[in-house]
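S.K.: For reference, each letter of the sequence shown is one residue, going -17 to 330 in the working numbering.
This structure is in structure tokens; I'll ask about it shortly.
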Amino acid sequence: MTTAQKIDIRQLNLAQLQAHFSEMNEPTYRAKQVYQWLWEKSVRKFEDMSNLSKDLRKKLDEKFVIKAVEIHTAQFSNDHTIKNAFRLADGNIVEGVLIPTDERMTACVSSQVGCSLTCKFCATGYMDRKRNLNADEIYDQVVLIDKQAKANYNIPLTNIVYMGMGEPLLNYTNVLKSIERITAPDGLNMSYKRITVSTAGISKMIKKLGDDGVKFNLALSLHAANDIKRNEIMPISEHNSLAALADALKYYYQKTKNPVTYEYIVFNHFNDEIEDAKELAKFCKHLPCKVNLIEYNPIQFADFTNAEADKIEAFASYLRKEGINTNIRRSRGKDIDAACGQLAVKTD
Ligand code: SF4
């Protein structure tokens, strides 16, 4: 059987794998063992599944394929951030970043090859969306970045953010499936509270998260609490007005009781005035939330620049005075284009 004809084994759930084992006249507990190798132990070759007979390993190799993700290149920043270009089994490349800070080891992972949205400040937005990632391709990024954290800094991952390439809510099923595997006791057994999915704001899908009662954190890339300004930098907002988003977020909060984080990049002379902070404070009144003010990292495709430090401080002070939990997030990995909005697959 050629590789193309083989079954992609990680697309199967345990019950489906057990059904294949029955067909092969193998006991179903063996399927459970293979499932453990695949997810819990992240083994990527049948020959390494050492508690199976050689004969069974050969049979598995003939019938199934494990489409493993590999690190194509890894770039190290002066601030210890590591940007990876991951090669998928079909040759496509996506990026994922390890961000070490004093308190956390965070993996930032991609959910799509490219992105169909066209946020003006984001390098990925200037690429076409080629395809969605499968759950195992997202999972592998986490596994590889976790190994990298242990190997380089002797600390395992503590947090995962879906803020790399792509809009996670436009790859809803695979993103949720990857989180199910990351949090499962027979997966990576990480807490939901350590996972954040960041969306550009798709009202319909935010409501769906509420209906599905998800337990992970949700972040909204807001960047302007004013429809005209938001439309200018995020064309998606033409169909997802602030009123529609507020409505969806309230619904989400009612169903999940999870507060939401608003990500707000402070651009020089665009959204950095106290008037902008007032609009943001007003938007924050809709539901329990916190705000992350993010430094911008210029990209070659667009003219935006980062706001002045004192403007960002004044912006933060205003929000805090309004009783809003506000953090300023310094940018990481700028020197290797690994910072927020800079991922765009430059492997040369
Ligand atoms: S910010 Fe996110 S949603 Fe917008 S273009 Fe970039 S990757 Fe896509």
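Even for Gly, the Cβ is constructed at its ideal location relative to N, Cα and C.
With a threshold of 8 Å, are at least 3 pairs of Cβ atoms found where one atom belongs to the region 47 to 57 and the other to the region 5 to 17?
M.R.: No contact exists between the region 47 to 57 and the region 5 to 17.
S.K.: Got a sec: does the ligand SF4 put a non-hydrogen atom nearer than 7 Å to the Cβ of Thr106?
M.R.: For the purposes of this step, residue 106 is taken as residue 124 along the sequence shown, with counting starting at 1. Under cutoff, so the answer is yes.
S.K.: Please classify Asp122 as buried or exposed, where buried requires at least 16 other C-beta atoms within 10 Å of its C-beta.
M.R.: In the sequence shown, counting from the first residue as 1, residue 122 sits at position 140. Result: buried.
S.K.: Ala207 lies in the alpha helix (DSSP H); which residues open and close that run?
M.R.: As a first step, residue 207 is located in the sequence shown; it is residue number 225 there, counting from the start. Looking at the DSSP string, Ala207 is not in any alpha helix (DSSP H), and its letter there is neither H nor E.
S.K.: Counting beta carbon pairs with one atom in the region 225 to 240 and one in the region 186 to 195, are three or more of them shorter than 8 Å?
M.R.: Cβ pair count under 8 Å is three or more, so yes.
S.K.: Could you tell me which of Arg111, Tyr174, Ala228 and Glu5 sits nearest to Asn199, measuring between CA atoms?
M.R.: Counting from 1 along the sequence shown, the entry for residue 199 is found at position 217. Closest by alpha carbon: Tyr174.
S.K.: Indicate the three-state DSSP secondary structure (helix, strand or coil) for Ser223 in the structure shown.
M.R.: The count along the sequence shown starts at 1 and reaches residue 223 at position 241. If DSSP states are grouped into helix, strand and coil, Ser223 belongs with coil.
S.K.: If Lys(-12) sits next to Lys45, beta carbons under 8 Å apart, how far is it from one beta carbon to the other, in whole angstroms?
M.R.: As a working mapping, residue -12 is identified with position 6 in the sequence shown. As a working mapping, residue 45 is identified with position 63 in the sequence shown. Contact flag correct, Cβ pair sits at about 6 Å.
S.K.: What's the C-alpha gap between Phe103 and Ala206?
M.R.: Along the sequence shown, one-based indexing puts residue 103 at 121. Along the sequence shown, one-based indexing puts residue 206 at 224. Using only the alpha carbons, I get a separation of about 13 Å.
S.K.: Locate the beta strand (DSSP E) running through Lys243, then write down its first and last residues.
M.R.: Walking along the sequence shown from the start, residue 243 turns up at place 261. Reading off the sequence shown, one finds Thr at residue 243, where the question assumed Lys. Here the beta strand (DSSP E) through Thr243 covers Val242 to Ile247.
S.K.: So the beta strand (DSSP E) Val79 belongs to, where does it begin and stop?
M.R.: Indexing the sequence shown from 1 puts residue 79 at position 97. Residues Ile75 to Pro82.
S.K.: Classify Met187 as helix, strand or coil using the three-state DSSP reduction.
M.R.: Looking up residue 187 in the sequence shown gives position 205. The answer is helix: DSSP assigns Met187 an H, G or I state.
S.K.: For Asp254, name the three-state secondary structure that DSSP assigns.
M.R.: Counting from one through the sequence shown, the residue named residue 254 turns up at place 272. If DSSP states are grouped into helix, strand and coil, Asp254 belongs with coil.
S.K.: Does the beta-carbon of Thr178, which I'm using as the reference point, lie nearer than 7 Å to any heavy atom of the ligand SF4?
M.R.: Locating residue 178 in the sequence shown gives position 196, counting from the first residue. No; taking the cut-off as 7 Å, the Cβ of Thr178 has no heavy atom of the ligand SF4 nearer than that.
S.K.: Do Tyr144 and Lys189 come within 8 Å of each other at the CB atom, strictly closer than that value?
M.R.: As a first step, residue 189 must be located in the sequence shown, where it is residue number 207. As a first step, residue 144 must be located in the sequence shown, where it is residue number 162. No.
S.K.: Based on the DSSP secondary-structure assignment, which residues constitute the bridge partners of Ala182?
M.R.: For the purposes of this step, residue 182 is identified with residue 200 of the sequence shown, where counting begins at 1. In the DSSP output, where bridge partners are listed per residue, Ala182 has none listed.
S.K.: Here's the rule I'm using: 16 or more other beta-carbon atoms within 10 Å means buried, otherwise exposed. How should Met(-17) be labelled?
M.R.: In the sequence shown, residue -17 corresponds to position 1, counting from 1. Classification for Met(-17): exposed.
S.K.: Pull up the CB-CB distance for Val79 and Gly146, whole angstroms please, since I reckon it's below 8 Å.
M.R.: Here residue 79 refers to the residue found at position 97 of the sequence shown. Here residue 146 refers to the residue found at position 164 of the sequence shown. Right, their Cβ atoms sit about 7 Å apart.
S.K.: Short check: CB of Ile120 to CB of Ser93, under 8 Å?
M.R.: Residue numbering aside, residue 120 sits at position 138 when the sequence shown is read from its first letter. Residue numbering aside, residue 93 sits at position 111 when the sequence shown is read from its first letter. Cβ atoms of Ile120 and Ser93: closer than 8 Å.
S.K.: Can the beta-carbon of Leu275 be found closer than 8 Å to that of Phe297?
M.R.: The residue you call residue 275 lines up with position 293 of the sequence shown. The residue you call residue 297 lines up with position 315 of the sequence shown. Contact: yes.
S.K.: Which word fits Ser4, buried or exposed, when buried means at least 16 other C-beta atoms lie within 10 angstroms of its C-beta?
M.R.: Position 22 of the sequence shown, counted from the first residue, corresponds to residue 4. Ser4 comes out exposed.
S.K.: Taking only the alpha-carbon atoms, compute the straight-line gap between Leu151 and Glu8 and give it to the nearest angstrom.
M.R.: For this step, residue 151 is matched to residue 169 along the sequence shown. For this step, residue 8 is matched to residue 26 along the sequence shown. Their Cα atoms are separated by approximately 39 Å.
S.K.: Measuring alpha carbon to alpha carbon, tell me which of Ala105, Cys266 and Leu(-6) ends up nearest Gln351.
M.R.: With the chain covering only -17 through 330, there is no way to say anything about residue 351.
S.K.: Please confirm whether Leu191 and Asn156 have their CB atoms less than 8 Å apart.
M.R.: Position 209 of the sequence shown, counted from the start, is the residue given in the question as residue 191. Position 174 of the sequence shown, counted from the start, is the residue given in the question as residue 156. Taking 8 Å as the Cβ cut-off, Leu191 and Asn156 do not qualify as a contacting pair.
S.K.: Reducing DSSP to helix, strand and coil, say where Asp330 ends up.
M.R.: Counted from its first residue, the sequence shown places residue 330 at position 348. The predicted model places Asp330 with a pLDDT of 42, which falls under 50 and marks its position as unreliable, so this point remains unresolved.
S.K.: How many Å lie between Ser180 and Ala201 at the Cα?
M.R.: The residue given as residue 180 occupies position 198 in the sequence shown. The residue given as residue 201 occupies position 219 in the sequence shown. So the two alpha carbons sit approximately 4 Å from each other.
S.K.: Mapping DSSP to helix, strand and coil, what is Asp(-10)?
M.R.: Along the sequence shown, one-based indexing puts residue -10 at 8. Correct three-state label for Asp(-10): strand.
S.K.: DSSP on Lys197, reduced to helix/strand/coil?
M.R.: Here residue 197 refers to the residue found at position 215 of the sequence shown. Three-state DSSP puts Lys197 in coil, outside helix and strand.
S.K.: Measuring CB to CB, does Met87 end up less than 8 Å from Ile161?
M.R.: Position 105 of the sequence shown, counted from the start, is the residue given in the question as residue 87. Position 179 of the sequence shown, counted from the start, is the residue given in the question as residue 161. Going by C-beta atoms, Met87 is not nearer than 8 Å to Ile161.
S.K.: Determine the closest residue to Gly96 out of Thr83, Asp110 and Glu85, with distance taken between C-alpha atoms.
M.R.: To locate residue 96, count along the sequence shown from 1; it is residue 114. Checked all of Thr83, Asp110 and Glu85; the closest Cα to Gly96 is Asp110.
S.K.: Alpha carbon to alpha carbon, how far is Asn60 from Ala133?
M.R.: Within the sequence shown, numbered from 1, the residue matching residue 60 stands at position 78. Within the sequence shown, numbered from 1, the residue matching residue 133 stands at position 151. Taking the straight line joining both Cα atoms gives about 17 Å.
S.K.: What residues in its chain sit with their C-beta under 7 Å from that of Thr329, if we drop five residues either side in the sequence?
M.R.: Along the sequence shown, one-based indexing puts residue 329 at 347. Interpretation of Thr329 is limited by its pLDDT of 41, a score under 50 that renders its predicted location unreliable; the figure taken from the coordinates is listed afterwards. Around Thr329: His54, Thr55, Ala67 and Ile75.
S.K.: Nearest to Arg332 by alpha carbon, out of Val25, Val248, Phe265 and Met6?
M.R.: This structure cannot settle anything about residue 332, because the visible part of the chain is limited to -17 through 330.
S.K.: Hey, would you say the C-beta of Leu202 is under 7 Å away from at least one heavy atom of the ligand SF4?
M.R.: Taking the first residue of the sequence shown as 1, we reach residue 202 at position 220. No.
S.K.: Any heavy atom of the ligand SF4 inside 7 Å of the beta-carbon of Thr100?
M.R.: Counting from one through the sequence shown, the residue named residue 100 turns up at place 118. Yes, the beta carbon of Thr100 sits closer than 7 Å to at least one heavy atom of the ligand SF4.
S.K.: Can you say whether Thr287 is buried or exposed, counting buried as having 16 or more other CB atoms within 10 angstroms of its CB?
M.R.: Taking the first residue of the sequence shown as position 1, residue 287 is located at position 305. Label assigned to Thr287: exposed.
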